[in-house]
Amino acid sequence: MATVQISNLSKFYGTLQALDDVSLHVPDGAFTVFVGPSGCGKSTLLRAIAGLEPVNSGSIHIGDRDVTNLEPSDRDLAMVFQSYALYPHMSVRANMEFGMKVNGIDPQERHQRVAEAARILQLSELLDRKPGQLSGGQRQRVAIGRSIVKNPKVFLFDEPLSNLDAKLRVQMRIELESLHEELGATMIYVTHDQVEAMTMADEIVVLNEGRVMQVGQPMDLYHQPQSEFVAGFIGSPAMNIVDANSSLGQELGTQSRAARIGIRPEHVEIAKTGLETKIRVKEQLGGESYLYTTTEDGVDIVVKTDGDDSHAVGETLSLRFPLHRVHWFATTGDVLP
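Here it is in structure tokens:
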């Protein structure tokens, strides 16, 4: 395994800057997730690491090697794409060993590597089947197995679960986490789904408009966002973020420099007195409920409550906002101390 060091990386498509002076250190053995909205540069950054996208400036080191100008095949990486890209006429075994066969690896070594990867991924009973006889989750495991047999220094995953249904996505998340634990491998994973990022990552890299906005452990980003963008992007439902001159701001008594105020739905308290809001929509999800409320001056506030919550649509609530749970944002979007 190896570290990945990215230094001052920039990438242009004509006049469009896709990566803007990105610097990043991915620790050896870490499960690092790149996350952000569509067009933020996360897939471009992953493809640059893989050598599939040339860069205009900066450098990429894998371990102690500068791989910036090396071909993808010379970088000692393995990449798993959103599409499985399996050969339909080949068995699972043949798909997994094809790359090794092309590279002239000894047949006995190929057999051992395929057997070990199949054991890890619970594919041993499926090695003689064709891809058309497999479920979507099984096909994605074959694609991952094809990467494992390469014994790469770094695994790259480009939204590999996007084609799976919700139940399979959860199952595959658990399997990928178990795979990381067993291999102890350096893994970089791209997703637009911040729930995937929160549940899988040792470390999250939040990107926006080609720039790194914040890097940290999932709960550090959740509780200590450094900007309004990160605060609003991490968390589902999103943090309540409103103008400081709104009724909520008046209720709190805003910091003089604050332009916006944020508080997470689970930190809003229903009380006997406080800011009055009316429930517009109620979502009951079993173990928890979400009340979507609006104040008289049109401020929308989401409140997380118990799954058995008895409040009804149209009801007026009084809300309180513990000051130690409030985030204050400057006009620049940065968090105020």
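Here the sequence shown is numbered in my numbering, starting from 114 and rising by one per residue. Glycine is no exception: its CB is placed at the ideal position from the N, C-alpha and C atoms.
Could you tell me the alpha carbon to alpha carbon distance between residue i and residue j, rounded to whole angstroms?
i, j, result
"E229", "V262", "8 Å"
"D413", "I392", "10 Å"
"T128", "N169", "12 Å"
"N321", "C153", "4 Å"
"S359", "F442", "14 Å"
"L432", "F342", "25 Å"
"G387", "V355", "17 Å"
"T367", "R438", "14 Å"
"V193", "L239", "20 Å"
"R180", "H174", "Strictly speaking, residue 180 in this sequence is Val, with Arg absent from that position. So the alpha carbons of these two residues sit roughly 6 Å apart."
"G399", "P331", "25 Å"
"S204", "D241", "5 Å"
"A163", "I347", "27 Å"
"F211", "M300", "23 Å"
Should residue i be listed as close to the ligand PLP, given that the test is whether its C-beta is under 8 Å from any heavy atom?
i, result
"V227", "Annotation note on the ligand PLP: not contained in the displayed structure, which lists no ligands."
Indicate the three-state DSSP secondary structure (helix, strand or coil) for residue i in the structure shown.
i, result
"D187", "helix"
"Y302", "strand"
"E389", "strand"
"E166", "coil"
"P283", "Correcting the residue type first, residue 283 is Val in the shown sequence and not Pro. Helix."
"E272", "coil"
"I526", "Because the chain in this structure spans residues 114 to 450, residue 526 falls outside the shown range and cannot be described."
"L234", "helix"
List the whole-angstrom C-beta distance separating residue i from residue j, where the pair is believed to meet the contact cut-off of C-beta under 8 Å.
i, j, result
"Q284", "G250", "6 Å"
Between the options, which lies nearest to residue i when the distance is taken from Cα to Cα?
i, options, result
"L247", "P265, H380, V215 and Y200", "Y200"
"A131", "M203, P140, S156 and A344", "S156"
"E401", "E379, V180, D315 and K214", "E379"
"H293", "F268, T418, M311 and P273", "F268"
"T390", "M209, E409 and S340", "E409"
"E309", "D141, E288, A191 and M209", "E288"
"A115", "P150, P140 and F125", "P140"
"R324", "L122, V117 and Q118", "L122"
"L449", "L436, D419 and R370", "R370"
"H440", "T418, A344, T429 and L430", "A344"
Tell me the DSSP bridge mates of residue i?
i, result
"V394", "Y405"
"V416", "L404"
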